[in-house]
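Let me begin by presenting the structure, written as structure tokens, before commenting on it.
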């Protein structure tokens with residue numbers, strides 16, 4: 014939804030740069046808050062100890078902060094000049110950011126080890 018909303022707004026209100034810029038702030042913040050609430054629920058129900066859960070919450074926040082940054086860039090692509098972020102180095106930056114996000118979230122969403130029945 015974070016990436017689809019600006020596309021719909023750009024189609025409905027072409028040339029309204031201010032609206033897209035406002036969405037570049039609003040959507041990542043709301044996306045962070047919703048994802049954080051859902052992530053905390055998953056962490057609270059996993060089979061990890063309290064110390065590990067605290068580390069998972071930190072990793073969740075790091076991953077979601079990184080995703081909010083990526084969301085902001087994606088939304089702002091609608092108002093950037095044509096060809097923006099099309100350099101070879103830009104792809105490398107996005108691959109690194111995406112990889113870091115996956116590492117953070119993989120650690121944050123680790124469910125813990127469940128013991129088999131008696």
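Residue numbers (the working numbering): 14 to 131. All C-beta atoms in this analysis are idealised placements derived from N, C-alpha and C, irrespective of residue type, glycine included.
- Cβ contact annotation for residue 72 (same chain, cutoff 8 angstroms, sequence separation greater than five): 117, 118, 120, 121, in chain order.
- Of the residues 64, 44, 70, the one whose Cα lies closest to the Cα of residue 54 is 70.
- Counting only residues of its own chain and dropping the five nearest sequence neighbours on each side, residue 49 has a CB closer than 8 angstroms to the CB of 73, 74, 77.
- Here residue 15 is buried. Its C-beta has 16 or more other C-beta atoms within 10 Å.
- Residue environment analysis places residue 84 among the buried positions, since at least 16 neighbouring C-beta atoms fall within 10 angstroms of its C-beta.
- Ranked by Cα distance from residue 38, the first of 18, 26, 65 is 18.
- The three-state secondary structure of residue 111, taken from DSSP, is helix.
- Around the beta-carbon of residue 88, 16 or more other beta-carbon atoms lie within 10 Å, marking it buried.
- Distance between residue 56 and residue 97, taken at the CA atoms: about 38 angstroms.
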